[in-house]
Amino acid sequence: MLHSISLNSLDDDREISKLLQICLNVRSQSNSTQVIQTPPFQPKPKSEVGYEYNKLDTLLSQGNWKEADEETARCMLKITKREQKGWLDELSINNFPCQELYKIDQLWLKYSSHKFGFSVQKEIYHSLGGAGNAASNIDLEIWKLFGDKVGWRQGEKWLSYSELVFNLETANEGHLPGWGGEGSGGLLGGGRRIFIGGVSLDHHYLMQKLFKCNS
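The sequence shown begins at 1 in my numbering and counts up by one.
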């Protein structure tokens, strides 16, 4: 009887060992398959040149069009390192990153419901027969039509920056950003540029840039 009990105990121990081993194997397999997959960290998209447009975004979202227009100029002057000059010349316009121009344009489009923006201005200019030609090929008649269309001209007079309309409801389509016209102020410095028939050469360079960035 004692011998029988000993054998039974041994069998029980073996069964227990087998069960324990099975449990360990199952647990091991379960752990190996339950790998937590964490998505890679996606940093917030940044400007190509490390510039932030938070202030411009806020001003546009609040409908502060004049302040947003001035902030647009500050952004572009800072990106081109021309804060001291206060205006953009041909070289700085030609070298301006298209990606930054796109980011600024997207903010204007978003908050104006596609009434304001560089791309709106380019499309209006293009619809009138304008294209990104060389500076020597400025078509004054098309520029005048463009000025009339966006509200930068009244009669035969190009408006000064201070005469622009910073109101979404009453301004013409494409009126802002306000880089056209004569006089001090605005992105291109107004009267400090060389004008041909009331059209600044720098205005034409900027329009050329809009075409190049969209090509």
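A virtual CB, placed ideally from N, CA and C, is assigned to each residue, including glycine.
Under DSSP, Lys157 forms a beta bridge with Gln154. In the displayed model, Trp65 falls within a helix according to three-state DSSP. Sequence-distant partners of Gly132 (beyond 5 residues in either direction) whose C-beta falls short of 7 Å from its own C-beta, in its chain, are Met207, Gln208, Phe211 and Lys212. With contacts defined by Cβ atoms closer than 9 Å, Leu107 and Tyr51 do not form a contacting pair. Of all alpha-carbon atoms in Leu159, Phe116, Gln154 and Arg153, the one lying nearest the alpha-carbon of Leu168 is that of Phe116.
Under the DSSP assignment, Phe118 falls in the alpha helix (DSSP H) whose first and last residues are Phe118 to Ser127.
Distance between Tyr102 and Tyr205, taken at the CA atoms: about 17 Å. Classified as exposed, Lys110 has fewer than 16 neighbouring CB atoms from the shown chains inside 10 Å of its CB.
Around the beta carbon of Thr170, fewer than 16 other beta carbons lie within 10 angstroms, which makes this residue exposed. DSSP, reduced to helix, strand and coil, places Lys110 within a helical segment of the structure shown.
Judged by DSSP secondary structure, Ile138 falls outside any alpha helix (DSSP H); it is assigned neither H nor E.
Taking 9 Å as the cut-off, the beta carbon of Glu123 is found no closer than this to the beta carbon of Val150. The beta carbons of Asp57 and Phe166 sit no closer together than 9 Å.
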